[in-house]
Each structure stands twice: as C-alpha cells, then as structure tokens.
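Undergrad: Got a structure for you, written out below as structure tokens; questions coming shortly.
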Amino acid sequence: MPQIDATADPEGFWQQMADALQSDPDITGQLSGFIGLIHPKGAIGDTILLEVPDELAREMIEHRARNAMMRALTTVQPDGPAITSFAVVVNSSLREMVSKQTPQKPSTRQPSLHALDIDPHAPAPSSTTDAAAAPQPGAAAASVTGLITADMPGTEASGTSATQPSATTSPAAPIRPSVPTVQASAPKPTAGGNGNRLNPKYTFDSFVIGASNRFAHAAAFAVAETPAKAYNPLFIYGESGLGKTHLLHAIGHYAISLFPDIRVLYVSSEEFTNDFINSIQRNEAAEFQSRYRDIDVLLIDDIQFLQGKDSTQEAFFHTFNNLHDHNKQLVITSDLPPKQLTGFQERMTSRFEWGLTTDVQAPDLETRIAILRRKAESEQMEVPGDILELIASKVSSNIRELEGTLLRVIAYASIEQKPIDFPLAQTALKDMITLADDNLVDPDTIIQTTATYFSLSVNDIVGTSRSQQIALARQIAMYICRELTSLSLPKIGQIFGNRDHTTVMYANNKISRLMQEKRNIYTQVTDISTAVKQAHR
Numbered sequence: 289m290p291q292i293d294a295t296a297d298p299e300g301f302w303q304q305m306a307d308a309l310q311s312d313p314d315i316t317g318q319l320s321g322f323i324g325l326i327h328p329k330g331a332i333g334d335t336i337l338l339e340v341p342d343e344l345a346r347e348m349i350e351h352r353a354r355n356a357m358m359r360a361l362t363t364v365q366p367d368g369p370a371i372t373s374f375a376v377v378v379n380s381s382l383r384e385m386v387s388k389q390t391p392q393k394p395s396t397r398q399p400s401l402h403a404l405d406i407d408p409h410a411p412a413p414s415s416t417t418d419a420a421a422a423p424q425p426g427a428a429a430a431s432v433t434g435l436i437t438a439d440m441p442g443t444e445a446s447g448t449s450a451t452q453p454s455a456t457t458s459p460a461a462p463i464r465p466s467v468p469t470v471q472a473s474a475p476k477p478t479a480g481g482n483g484n485r486l487n488p489k490y491t492f493d494s495f496v497i498g499a500s501n502r503f504a505h506a507a508a509f510a511v512a513e514t515p516a517k518a519y520n521p522l523f524i525y526g527e528s529g530l531g532k533t534h535l536l537h538a539i540g541h542y543a544i545s546l547f548p549d550i551r552v553l554y555v556s557s558e559e560f561t562n563d564f565i566n567s568i569q570r571n572e573a574a575e576f577q578s579r580y581r582d583i584d585v586l587l588i589d590d591i592q593f594l595q596g597k598d599s600t601q602e603a604f605f606h607t608f609n610n611l612h613d614h615n616k617q618l619v620i621t622s623d624l625p626p627k628q629l630t631g632f633q634e635r636m637t638s639r640f641e642w643g644l645t646t647d648v649q650a651p652d653l654e655t656r657i658a659i660l661r662r663k664a665e666s667e668q669m670e671v672p673g674d675i676l677e678l679i680a681s682k683v684s685s686n687i688r689e690l691e692g693t694l695l696r697v698i699a700y701a702s703i704e705q706k707p708i709d710f711p712l713a714q715t716a717l718k719d720m721i722t723l724a725d726d727n728l729v730d731p732d733t734i735i736q737t738t739a740t741y742f743s744l745s746v747n748d749i750v751g752t753s754r755s756q757q758i759a760l761a762r763q764i765a766m767y768i769c770r771e772l773t774s775l776s777l778p779k780i781g782q783i784f785g786n787r788d789h790t791t792v793m794y795a796n797n798k799i800s801r802l803m804q805e806k807r808n809i810y811t812q813v814t815d816i817s818t819a820v821k822q823a824h825r
C-alpha cells in the first residue's frame with residue numbers, strides 16, 4: 289500500500305481508509321451510506337479532519353462507525369506525520385452537493401438531512417476536545433464537534449488505540465427517538481426476528497429511487513429517522529407492484545437500525561382482520577389490543593381491504609386513535625388516496641389525511657433500467673445494458689412484472705445453457721407485448737387459459753383438490769396472475785378460492801425457482817403467458 293501524506297493529500301489518505309472500511313464487519317449497508325457522505329478536509333497534527341453535511345451523519349459516524357474508523361486508521365501508512373485520530377466536522381454547505389445527486393442504485397443513496405434526538409442518559413461520543421464553537425466570520429459553516437484519538441484507551445472519553453484496537457471496547461450508546469415508555473410486558477419485536485414481520489429483502493439500500501417515487505422515499509426516510517415527529521400518519525398510495533410494501537418494510541428496518549429498542553410491527557390488513565376475528569373467537573380482546581397498541585411504529589399494508597368490514601374498521605379506528613394519541617407512528621398503504629376509498633366511514637378517511645399523503649407512480653425508463661440492474665446484481669448475474677433497456681422498453685407499468693421478465697430471460701439462459709446476449713433475450717421475449725398501464729389483464733382469462741392448457745376445469749384450478757397435477761397448474765396460474773396483473777397477494781388468494789396470501793407467495797416463489805431448474809415448467813409458463821397476452825390484445 290503506498291504511503292500518503294494526509295496533510296498534502298487528504299483525499300488519498302481518506303480513500304485508503306474508505307477502502308479498509310469496505311471490508312470491516314461493523315460497516316453495515318446503512319453505515320456505508322453515511323460514510324459515503326464524508327469529505328476529507330485536511331489534517332492538523334495527528335488528526336485528519338472529515339466533513340459531513342449534517343448532524344445526523346456526524347452522530348452515526350461517531351456513535352456507530354467509531355471503532356471501525358479507528359481500525360481503518362491503522363491500515364494507512366502515512367508519508368508524513370502519523371495520523372492517530374479523526375475529527376468529524378459538520379459543513380452545511382455540503383448539503384447542496386448531496387441534494388443535487390440523483391442516485392440510481394441503492395448504494396449511492398444519501399441519507400436525508402434530519403437531526404435526531406439523543407438519549408440524554410447515553411454516554412457522550414468519544415472525544416478529547418469539544419470544539420463546537422461558532423464559526424468565525426468568513427469561515428465555512430462548519431463546526432468541529434470532537435476529536436476521537438487512538439492513543440487513550442481505557443476511558444469512556446477515549447477512542448480505541450490505533451496501534452492496538454481493543455476488542456473489549458463498549459459499543460457506542462444507541463440513538464433513541466423520543467417515544468413514550470410502555471409496559472415491560474408488552475410485545476417487543478426485535479430486528480431480524482419474527483415479531484416485527486419485516487422482510488429482510490426490503491430495505492432502503494435495495495430501493496431504487498427515481499422521479500416516480502422520490503418524494504415517497506424521502507417521506508418514508510424522514511419517518512424512520514424521527515418516528516411520530518415528521519409525518520403522522522404517513523399514507524402512501526399507488527397501484528400494486530410499485531414499491532409501497534417495500535417502503536413499509538424499509539421504514540421498519542431503518543428505524544430499528546437507528547433505535548434498537550424501538551418496537552415495530554408490520555401487518556397487512558388481511559392479517560389484521562384475521563387477528564381481530566381470532567381474538568373474538570378466543571375471547572382474547574385484551575391480548576389483541578396489547579399486540580397493536582404497545583408498539584412504537586405500526587406499518588399496515590393495503591388498508592383498502594378493510595372496505596365494508598365495519599367491525600374490523602371499528603377495531604382499527606380505536607387502534608389508530610390510541611397510537612396517535614400516545615405519539616406513536618403509523619404508516620399506511622393503499623391502492624387509492626383516502627378521498628377515493630369506498631366503504632370507509634368519513635371519520636376514518638379523515639384521519640388518514642392528518643399527516644402526509646403521497647403516492648408512488650409507474651417508473652420512467654431510466655428508473656426501470658436501474659431497477660433491472662439492481663435485480664440482476666441481486667441474482668448475481670451480469671446482464672448487458674442493451675438487454676436491460678430492451679426489457680425496460682417492453683414493460684412499463686409494474687415493477688413486479690419488470691423483474692419477472694428479467695428472471696424469465698435469466699431462466700431461459702439457464703435452461704439453454706447459453707450466455708445472456710441480445711439474440712437470446714429477443715427469443716425469450718419474442719411474444720411479449722407492452723401491457724396497458726392499468727394492467728387490464730383479466731385474472732379469469734389466466735385461470736381459464738391455464739385450465740385449458742392442462743385439460744382441467746376452472747373449478748379444478750380454484751377448488752380444493754391437492755392432486756399434484758392440479759396443484760401445479762394452480763400454482764402456475766397464481767404465478768402468472770402475480771406477474772401479469774396489478775393484483776395484490778390477498779386479492780389473488782381471494783380469486784383462487786379464498787386462499788391465504790402466504791399460499792400465493794409460496795406458489796410464486798416455487799414456480800419462479802422451478803422455471804430456472806426445469807425446462808418443461810419454463811415452457812408451460814411461457815406458453816400460457818403468451819396465450820393470455822394474445823387474448824389481451
């Protein structure tokens with residue numbers, strides 16, 4: 289590794305630190321975003337000065353990335369004075385640079401610029417100097433908030449030794465939101481556990497930002513940073529398959545990463561309804577209330593499915609009031625804005641508008657290409673740009689169908705044992721048409737076409753038979769419904785004999801996997817999809 293003088297070349301010195309941080313196990317995807325905001329300013333003596341645009345970034349780096357930063361210092365061999373500490377500097381002029389960036393990939397997403405409340409009982413950030421004085425006239429709008437040194441181990445106010453990193457250093461105290469204290473006996477969902485029902489795949493890191501969802505993403509990020517302070521409730525609406533559920537889960541994950549003690553619960557309206565009905569049948573009303581009220585953040589998906597369910601609406605009405613009155617965050621998604629929801633009492637829809645209402649729309653071409661690129665990376669596949677553009681130009685209305693089309697090309701290449709190139713993609717997509725933006729493919733057409741293909745009846749497809757042939761046909765029909773329509777999982781389950789949404793999810797995952805493993809399954813799905821699309825014309 290070349291030697292670098294931090295005074296003469298702070299950028300080069302910081303780049304070596306950043307390279308070391310990339311492989312540090314303590315640097316999560318979220319922390320990587322904050323570290324990406326750092327701008328090296330220079331060096332004073334044995335200290336390198338690092339600028340960030342706001343207090344949030346400073347707090348995250350000093351509290352969460354401190355030990356990793358100190359370890360990174362030990363990897364750099366300076367050609368000049370030894371650098372044994374770093375200072376975090378807030379320079380608000382960097383905000384303009386951040387706001388002008390338009391990330392197309394999750395790894396370049398910049399955190400929004402909101403300050404967080406710090407637990408007053410938490411230990412102060414490690415520092416040897418508190419230099420948060422006001423800037424002098426004519427100076428940049430920056431403030432040095434502390435120096436973290438590498439030569440004073442063993443005290444609460446010191447950093448970890450740069451020459452001998454301590455394995456016993458206590459982690460920085462967590463940053464916590466100002467949320468009311470609840471009884472210890474209340475449910476306490478934890479990050480990564482089943483209690484909060486969060487999908488680990490849906491994070492802000494994996495969310496691709498574009499013009500169609502930028503405002504909704506910013507609002508969701510603000511809510512995760514400052515629960516019950518930014519927008520309460522946050523109501524996100526838009527067609528199915530455009531990222532609403534992704535944002536819900538991302539809010540939960542990010543809130544937990546910032547505030548480890550916060551209690552988050554994700555639930556679909558179908559699950560809420562079933563839970564409510566079961567609580568009545570089991571005489572467990574108190575447990576139901578505790579489950580949904582003794583939390584800090586409630587994320588409820590597809591609220592439109594409470595339409596016409598008066599008793600469930602009443603239960604949710606009181607849950608909403610209790611959470612809102614106790615300064616707890618609610619985030620709600622729907623396929624329609626509050627004013628257009630039918631089958632709801634006015635007192636309910638008016639509450640949906642108490643906070644912020646925002647929408648997500650169909651992505652533009654550039655965003656669709658970015659989404660496909662991200663999906664290809666997640667599948668660990670290298671797909672040429674011209675193929676991504678081909679797919680993006682053919683599918684314009686639905687992210688789910690967009691990603692499904694890419695997976696179909698990948699599956700075709702796997703079955704044919706050929707590299708993914710333009711001729712192969714054209715063959716795989718030869719029968720594709722661009723569906724209308726409102727996705728008017730009729731699920732009944734899909735069911736009828738599938739039944740005909742397998743010489744079955746419609747009743748077989750939507751019925752209760754568990755024979756292998758019928759079950760496979762049913763799962764293929766569910767998969768195609770998921771791919772070619774904007775219907776949600778609960779709605780598809782309802783069409784297929786009032787099945788649970790988890791059954792549809794299982795079918796979708798199973799057929800997606802089998803398409804890459806078995807040529808006959810790929811052929812069957814392709815043939816049925818082609819017939820459905822031709823009928824749609």
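Positions 289 to 825 (the working numbering) are the ones given, in order, by the sequence shown.
Cβ coordinates follow ideal geometry from the N, Cα and C atoms, glycine included.
This structure is a prediction, so every number in the text was calculated from the model and none was measured.
1) Does the separation of the CB atoms of residue 703 and residue 675 fall below 9 Å?
2) Could you check what DSSP says for residue 329 in three-state terms: helix, strand or coil?
3) Among the residues of its own chain, which have a CB less than 7 Å from the CB of residue 592, if the five just before and after it don't count?
4) Taking all protein chains shown into account, decide if residue 653 is buried (16 or more other Cβ within 10 angstroms of its Cβ) or exposed.
5) What is the rounded straight-line gap between the Cα of residue 569 and the Cα of residue 664?
6) Can you check the region 548-583 for any alpha helix (DSSP H) of at least 4 residues that lies completely inside it and give the ranges in chain order?
7) Taking the continuous alpha helix (DSSP H) assigned at residue 542, which residues delimit it?
8) Would you grab the beta carbon distance between residue 767 and residue 820 for me? Rounded to a whole angstrom, and I think it's under 8 Å.
9) Whose CA, out of 328, 807 and 685, lies closest to the CA of residue 526?
10) Reducing DSSP to helix, strand and coil, say where residue 742 ends up.
11) For residue 630, which three-state DSSP category applies?
12) Taking only runs of the alpha helix (DSSP H) that begin and end inside the region 485-516, which ones reach a length of at least 4 residues, in chain order?
13) With residue 339 as the anchor, note down where its beta strand (DSSP E) starts and where it stops.
14) Residue 717: which of 503, 489, 690 and 491 sits nearest, CA to CA?
15) Alpha carbon to alpha carbon, what distance is there between residue 561 and residue 589?
16) In angstroms, rounded to a whole number, what distance separates the CA positions of residue 758 and residue 744?
17) Helix, strand or coil for residue 371, going by three-state DSSP, please let me know.
18) I need the DSSP call for residue 523, collapsed to helix, strand or coil.
19) According to the neighbour-count rule (16 or more other Cβ atoms, all chains shown, within 10 Å of its Cβ), is residue 484 buried or exposed?
20) Are there 16 or more other CB atoms within 10 angstroms of the CB of residue 606, so buried, or fewer, so exposed?
21) Report the residue from 524, 491, 780 and 513 whose alpha carbon sits nearest the alpha carbon of residue 501.
22) According to DSSP, is residue 617 part of a helix, a strand, or is it coil?
23) Short of 6 Å in beta carbon distance, which residues of its chain neighbour residue 337, apart from the five on each side in sequence? Order them along the chain.
24) For a test of the three-state rule: what should DSSP assign to residue 792, helix, strand or coil?
25) With three or more C-beta pairs closer than 8 Å as the rule, is the region 502-517 touching the region 537-548?
26) Does DSSP classify residue 315 as helix, strand or coil?
27) Under 8 Å Cβ to Cβ from residue 737, same chain only, skipping five residues before and after it: list those, please.
28) Could you tell me how far apart the beta carbons of residue 762 and residue 784 are, in whole angstroms, since I believe they sit closer than 8 Å?
29) Beta carbon of residue 793, beta carbon of residue 696: below 9 Å?
30) Pull up the DSSP beta-bridge partners for residue 826, would you.
31) Under a three-way DSSP split, which group does residue 644 fall into?
32) Are the CB atoms of residue 530 and residue 687 nearer to each other than 9 Å?
33) Helix or strand or just coil, what does DSSP make of residue 379?
34) Quick check on residue 717 - is its C-beta less than 9 Å from some C-beta in chain C?
35) Does the beta-carbon distance from residue 564 to residue 507 come in below 9 Å?
TA: Reading from the atomic positions:
1) Cβ distance not < 9 Å, so residue 703 and residue 675 don't count as in contact.
2) Residue 329: strand per DSSP, three-state reduction.
3) The residues are 622, 623, 624 and 629.
4) Per the 10 Å Cβ criterion, exposed.
5) Rounded to whole angstroms, the gap between the alpha carbons of residue 569 and residue 664 is 46 Å.
6) The alpha helix (DSSP H) runs of length 4 or more contained entirely in the region 548-583 are, from start to end of the chain, 557-569 and 573-581.
7) Unbroken alpha helix (DSSP H) run through residue 542: 532-546.
8) In fact, because the Cβ distance is near 12 Å, the residues do not count as touching under 8 Å.
9) For the residues 328, 807 and 685, the minimum Cα distance to residue 526 belongs to 685.
10) The three-state secondary structure of residue 742, taken from DSSP, is coil.
11) In this structure, residue 630 counts as coil in the three-state DSSP scheme.
12) Taking 4 residues as the minimum length, the alpha helix (DSSP H) runs contained wholly in the region 485-516 are 502-513, in order along the chain.
13) Run containing residue 339: 335-340, per the beta strand (DSSP E) assignment.
14) Looking only at 503, 489, 690 and 491, the smallest Cα-Cα distance to residue 717 is reached by 690.
15) For residue 589 and residue 561, the gap between their C-alpha atoms comes out near 12 Å.
16) Roughly 8 Å between the two C-alpha positions.
17) Here residue 371 sits in coil by DSSP.
18) The answer is strand: DSSP assigns residue 523 an E or B state.
19) Classification for residue 484: buried.
20) Around the beta carbon of residue 606, fewer than 16 other beta carbons lie within 10 angstroms, which makes this residue exposed.
21) The candidate whose alpha carbon is nearest that of residue 501 is 524.
22) Residue 617 falls in the strand class under three-state DSSP.
23) Taken in chain order, the residues that qualify are 329, 330, 375 and 377.
24) Helix.
25) Counting Cβ pairs under 8 Å, three or more are found: they touch.
26) Residue state, collapsed to three classes: coil.
27) Cβ contact annotation for residue 737 (same chain, cutoff 8 Å, sequence separation greater than five): 816, 819, 820 and 823, in chain order.
28) The C-beta distance from residue 762 to residue 784 rounds to 7 Å, short enough to meet the 8 Å contact threshold.
29) Cβ distance not < 9 Å, so residue 793 and residue 696 don't count as in contact.
30) Coverage of the chain is limited to positions 289 through 825, which leaves residue 826 absent and any answer about it impossible.
31) DSSP places residue 644 in strand when its eight states are reduced to three.
32) Against a cut-off of 9 Å, the Cβ pair of residue 687 and residue 530 comes out as a contact.
33) The answer is strand: DSSP assigns residue 379 an E or B state.
34) Structure shown: chain C not included; a single protein chain is present.
35) Cβ atoms of residue 564 and residue 507: not closer than 9 Å.
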